[in-house]
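Notes follow the structure.
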Amino acid sequence: MNIALLIVSLLLFTFFTSIEAAVLAVSRVRMKHLAAEGSRAARSVERIWEREDRFFAFVILGQNLFIILATALATAVAIELVGTAGWGIAVATILLTIVAVIFGEMTPKIFAVRAAERYALAVGRLIHAATVVLTPLLVVVAFVPDLLARLLLRGRRLGKSPTVTEGELRMLIGIGAAEGVVEHLEAELLEGVFHFGDRRINEVMIPRTEVVWLEQGMTLADLYGIFAEHPHSRFPVFHDSPDNVVGVVVIKDVVRGLAEKHLDEASLVELAMRPAMFVPETKFVGALFFEMQRSGQQMAIVADEYGGTAGILTLEMLLEELVGYVFDELRRHEEEVVSLDERTFEIDGGMSISDANEELELGLPEGEYETVAGFVLSHLGHIPDQGEQFVYNGLRIAVSEVQAHKVERMTVTRLQE
Numbered sequence: 054m055n056i057a058l059l060i061v062s063l064l065l066f067t068f069f070t071s072i073e074a075a076v077l078a079v080s081r082v083r084m085k086h087l088a089a090e091g092s093r094a095a096r097s098v099e100r101i102w103e104r105e106d107r108f109f110a111f112v113i114l115g116q117n118l119f120i121i122l123a124t125a126l127a128t129a130v131a132i133e134l135v136g137t138a139g140w141g142i143a144v145a146t147i148l149l150t151i152v153a154v155i156f157g158e159m160t161p162k163i164f165a166v167r168a169a170e171r172y173a174l175a176v177g178r179l180i181h182a183a184t185v186v187l188t189p190l191l192v193v194v195a196f197v198p199d200l201l202a203r204l205l206l207r208g209r210r211l212g213k214s215p216t217v218t219e220g221e222l223r224m225l226i227g228i229g230a231a232e233g234v235v236e237h238l239e240a241e242l243l244e245g246v247f248h249f250g251d252r253r254i255n256e257v258m259i260p261r262t263e264v265v266w267l268e269q270g271m272t273l274a275d276l277y278g279i280f281a282e283h284p285h286s287r288f289p290v291f292h293d294s295p296d297n298v299v300g301v302v303v304i305k306d307v308v309r310g311l312a313e314k315h316l317d318e319a320s321l322v323e324l325a326m327r328p329a330m331f332v333p334e335t336k337f338v339g340a341l342f343f344e345m346q347r348s349g350q351q352m353a354i355v356a357d358e359y360g361g362t363a364g365i366l367t368l369e370m371l372l373e374e375l376v377g378y379v380f381d382e383l384r385r386h387e388e389e390v391v392s393l394d395e396r397t398f399e400i401d402g403g404m405s406i407s408d409a410n411e412e413l414e415l416g417l418p419e420g421e422y423e424t425v426a427g428f429v430l431s432h433l434g435h436i437p438d439q440g441e442q443f444v445y446n447g448l449r450i451a452v453s454e455v456q457a458h459k460v461e462r463m464t465v466t467r468l469q470e
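Residues 54 to 470 (our numbering) make up the sequence shown, in order.
Spelled out as structure tokens, the structure:
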């Protein structure tokens, strides 16, 4: 009789060990997906997670109850077989420890982890029902640890960890792409979404030195000449200085005005001007994107902390941060990186440090600059001449084009080790 009860006690101890391992190992994202599709078993597992404190109290109570019962029964059986209490206790302790570790702990945990989803779904409703029935007892058992935790943490409750973190999501995307579950282009788009929310406006804007401006007082005839050389769809307009932007001219408005005879070549550009949208350079790209969507704005003037103009951004540029280059028949596209051979690249000086490091694995340091040209100026400490070069971290960087004190392009060569 004692042997039968001992076996039952060990099996129940094994059961509690296995359900703990299965519920902890099963994918929460997978359970949420199954629950959304109508799986009652998955919903039961979700309800268990909603009251984890009661679940752990249930498991610990069960494990301790049946291991203590098994210990008492094993001792009684051993004494009967050996004949003396001293040797009986020793034999029971040794044998029960071996059996409990191998068959009560390791084996059920390995099984439960390897078949976590199947096992959790199989026992989920049973466990949830048991925790509901035993709620009064489990609340009391769980209350003491929670009280101690709040005392140790000075009144703060232990917060629940998120189901999945951003880092884990990005890792899953990488694994999915490597295994072919997620297509390469889809993985790039998803990765772009994470970068999109993390970047600030000053990392992606067109700096004021590269903006094509219109000055208040210009005529549409002047605009024609500028448009012929720089065929953009929008032009910011300033009064006296680019630090005093007064509006934006949209080419579509000009064409409509000419067609409707409201405008002619002698008309001033401000007659076709729209109000400008101003944003701080520290704003995040994602927030600006949705703000521009809601307001219907296509261009934003980026202001620095002193109230001056730092640069401009368009909705199209923000979209390109998500999906890459978007073809525009009016815009000339220059590649930021041109591969010259296996070890040599020509890089646009305006390419951001983060993009250069991610795309080419250059290992350039971040600092008080945003672009590769900024790194070159910071490293040299002066404005370089065309052809000037230096070696940094296994890279030979040669300045290939300088215009108006600005490093336009450079050649980067990986040196052989």
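Just so you know, even glycine gets a beta-carbon here, dropped at the ideal spot from N, CA and C.
- In the three-state reduction of the DSSP assignment, P333 falls in the strand class.
- In terms of Cα proximity to R107, the closest of D199, I155, S62 is D199.
- Annotation for I354: the continuous beta strand (DSSP E) segment containing it runs 352–356.
- Close CB contacts of V194 within its chain, under the 7 Å cut and outside five residues either way in sequence, are with A110, L114 (chain order).
- Judged by DSSP in its simplified three-state form, S407 adopts helix.
- In this structure, E389 lies away from I406, with their beta-carbon atoms at least 8 Å apart.
- Counting only residues of its own chain and dropping the five nearest sequence neighbours on each side, I259 has a CB closer than 6 Å to the CB of G364, I365.
- Distance between G440 and A451, taken at the CA atoms: about 6 Å.
- Distance from the CA of V303 to the CA of R287, rounded to the nearest whole angstrom, comes to 5 Å.
- Short of 6 Å from the beta carbon of F69, and not among the five residues preceding or following it, lie these beta carbons of its own chain, in chain order: V112, G115, Q116.
- If you draw a straight line from the Cα of V429 to the Cα of V301, it comes to about 34 Å.
- With three or more CB-CB distances shorter than 8 Å, the stretch 246–255 counts as touching the stretch 334–341.
- Taking a C-beta distance under 8 Å as the contact criterion, S71 and K162 qualify as a contact pair.
- Between the alpha carbons of A88 and V82 lies a distance of about 10 Å.
- Distances from the CA of V465 to each of N255, D401, E423 were compared; the closest alpha carbon is that of D401.
- Annotation for E170: the continuous alpha helix (DSSP H) segment containing it runs 169–186.
- Closest in alpha carbon position to T124, among L63, F156, L179, A165, is L63.
- When the five nearest sequence neighbours on each side are left out, the beta carbons in the same chain lying within less than 6 Å of the beta carbon of L415 are those of A409, in order along the chain.
- Judged by DSSP secondary structure, Q346 falls within the alpha helix (DSSP H) whose first and last residues are 338–348.
- When beta bridges are read from the DSSP output, H432 appears opposite no residue.
- In terms of Cβ geometry, I56 and V130 form a close pair [threshold 8 Å].
- Residue range 81–89 is occupied by the alpha helix (DSSP H) that includes R83.
- Distance between S453 and L267, taken at the CA atoms: about 30 Å.
- For L448, the enclosing beta strand (DSSP E) starts and ends at 448–456.
- For Y277, the enclosing alpha helix (DSSP H) starts and ends at 273–282.
- In the DSSP assignment, S71 falls within the alpha helix (DSSP H) that extends over 55–78.
- Taking 8 Å as the cut-off, the beta carbon of I354 is found closer than this to the beta carbon of P289.
- Where L243 is concerned, the enclosing alpha helix (DSSP H) starts and stops at 237–251.
- Beyond the five residues adjoining it in sequence on each side, T160 comes within less than 8 Å, by CB distance, of T67 in the same chain, given in chain order.
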